[in-house]
Amino acid sequence: MGYDIMRPDQRKIPVKRVEDGGRVYKFYSEEPIEARRISSMFYKERGTISWIKSLDEDDVLFDIGANIGIFTLFFRKLVGDEGMIYSFEPNPIAFSILNKNINENDLTNVKIENKAVADKNGKVSFTISSSITASRITENHKDGIPVDCVPLDEY
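All residue numbers in the sequence shown are consecutive under numbering that gives the first Met the number 0, ending with 154.
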């Protein structure tokens with residue numbers, strides 16, 4: 000099965016702006032479910048947001064399955080210039096939007112990897128769904144595309 004993977008700069012992707020305490024986040028999101036998730040983040044995921052806001056300015060975090068980078072952006076704004084975020088997203092479509100979101104928000108100290116996380120280096124089979132939020136690693140290699148995987152020990 001082939002997939003038409005276009006870079007975000009080749010598509011017209013809506014931008015969602017979210018404000019939190021004077022911080023402005025700009026998200027590119029082409030799926031309604033992601034746009035709703037971004038809009039409702041501060042009141043629907045209070046526990047997660049509270050935990051994120053407890054981060055120190057020099058923390059190092061791993062965002063595994065970063066998708067389009069919703070949490071990566073929040074993490075980065077809070078850990079400051081001394082912290083570091085490593086974001087992993089194996090879906091090439093979501094990764095391209097993640098990359099655009101990182102660049103649009105002028106984030107530094109963020110390393111993004113178009114890889115899955117596993118216990119060893121290698122390849123895994125990854126099934127791309129019609130929704131980027133439903134893609135997943137699969138054991139049925141004929142239904143997926145091969146993606147690189149890496150252990151966190153390398154970071």
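Virtual Cβ for every residue (Gly too), placed ideally from N, Cα, C.
(1) Just to check my reading of the structure: Ile131 and Glu30 have Cβ atoms closer than 8 Å, yes? What is that Cβ distance to the nearest angstrom?
(2) Nearest-angstrom Cα distance between Glu153 and Phe70?
(3) With contact counted as at least three CB pairs below 8 Å, one residue from each stretch, are the stretch 134–151 and the stretch 100–110 in contact?
(4) Taking the C-alpha atoms as reference points, what is the distance between Ala133 and Gly143?
(5) Just verifying my parser: in three-state terms, what is the DSSP assignment at Lys122?
(6) Give me the Cβ distance between Tyr27 and Asn100, rounded to the nearest whole Å; I'm assuming they're in contact under 8 Å.
(7) Nearest-angstrom Cα distance between Lys119 and Phe94?
(8) With distance defined between alpha-carbon atoms, name the residue in Ser86, Asp147, Ile96 nearest to Lys114.
(9) Which residues does DSSP pair with Ser86 in a beta bridge?
(10) Could you check whether Leu77 and Lys52 sit closer than 8 Å to each other, using their CB atoms as the reference points?
(11) Whole angstroms are fine: how far does the CA of Ser129 sit from the CA of Trp50?
(12) Thinking just about the alpha-carbon of each residue, which of Ile63, Gly68, Gly46, Ile84 is nearest to the one in Glu103?
(13) Below 7 Å CB to CB, which residues in the same chain sit around Lys25 once its five sequence neighbours on both sides are set aside?
(14) Buried or exposed for Lys141, please, with buried defined as at least 16 other CB atoms from any protein chain shown within 10 angstroms of its CB.
(15) If contacts are defined as beta-carbon pairs under 8 Å, then Pro150 and Ser124 qualify, I think. What distance do you get, rounded to the angstrom?
(16) Going by beta carbon distance, what residues of the same chain come within less than 6 Å of Asp57, once the five residues before and after it are set aside?
According to the structure shown:
(1) Here the question's residue 131 lines up with position 132 in the sequence shown. Here the question's residue 30 lines up with position 31 in the sequence shown. Ile131 to Glu30, Cβ: 6 Å. Contact.
(2) Taking the first residue of the sequence shown as position 1, residue 153 is located at position 154. Taking the first residue of the sequence shown as position 1, residue 70 is located at position 71. Taking the straight line from one Cα to the other gives about 22 Å.
(3) Contact between the stretch 134–151 and the stretch 100–110 is absent, because fewer than three Cβ pairs lie under 8 Å.
(4) By 1-based counting over the sequence shown, the position of residue 133 is 134. By 1-based counting over the sequence shown, the position of residue 143 is 144. One alpha carbon belongs to Ala133, the other to Gly143, and they sit about 13 Å apart.
(5) In the sequence shown, residue 122 corresponds to position 123, counting from 1. Strand at Lys122.
(6) Taking the sequence shown and counting its residues from 1, one reaches residue 27 at position 28. Taking the sequence shown and counting its residues from 1, one reaches residue 100 at position 101. Tyr27 to Asn100, Cβ: 6 Å. Contact.
(7) As a first step, residue 119 must be located in the sequence shown, where it is residue number 120. As a first step, residue 94 must be located in the sequence shown, where it is residue number 95. Each residue's alpha carbon lies about 21 Å from the other.
(8) For the purposes of this step, residue 114 is taken as the residue at position 115 of the sequence shown. Per the Cα distances, Asp147.
(9) As a working mapping, residue 86 is identified with position 87 in the sequence shown. Its beta-bridge partners are Asp62, Ile111.
(10) Within the sequence shown, residue 52 is the residue found at index 53, counting from 1. Within the sequence shown, residue 77 is the residue found at index 78, counting from 1. Lys52 places its beta carbon less than 8 Å from that of Leu77.
(11) The residue labelled residue 50 in the question sits at position 51 within the sequence shown. The residue labelled residue 129 in the question sits at position 130 within the sequence shown. Approximately 31 Å between the Cα atoms of the pair.
(12) For the purposes of this step, residue 103 is taken as the residue at position 104 of the sequence shown. For Glu103, the nearest C-alpha among the options comes from Gly68.
(13) Along the sequence shown, one-based indexing puts residue 25 at 26. Cβ neighbours of Lys25 beyond the five flanking positions: Val14, Arg16, Glu103, Asn104.
(14) Reading the sequence shown from its first residue, position 142 is the one you call residue 141. That one is exposed.
(15) Against the sequence shown, residue 150 aligns to sequence position 151. Against the sequence shown, residue 124 aligns to sequence position 125. 18 Å between Cβ atoms; not a contact.
(16) Taking the first residue of the sequence shown as 1, we reach residue 57 at position 58. So the qualifying residues of the chain are Glu81, Gly82.
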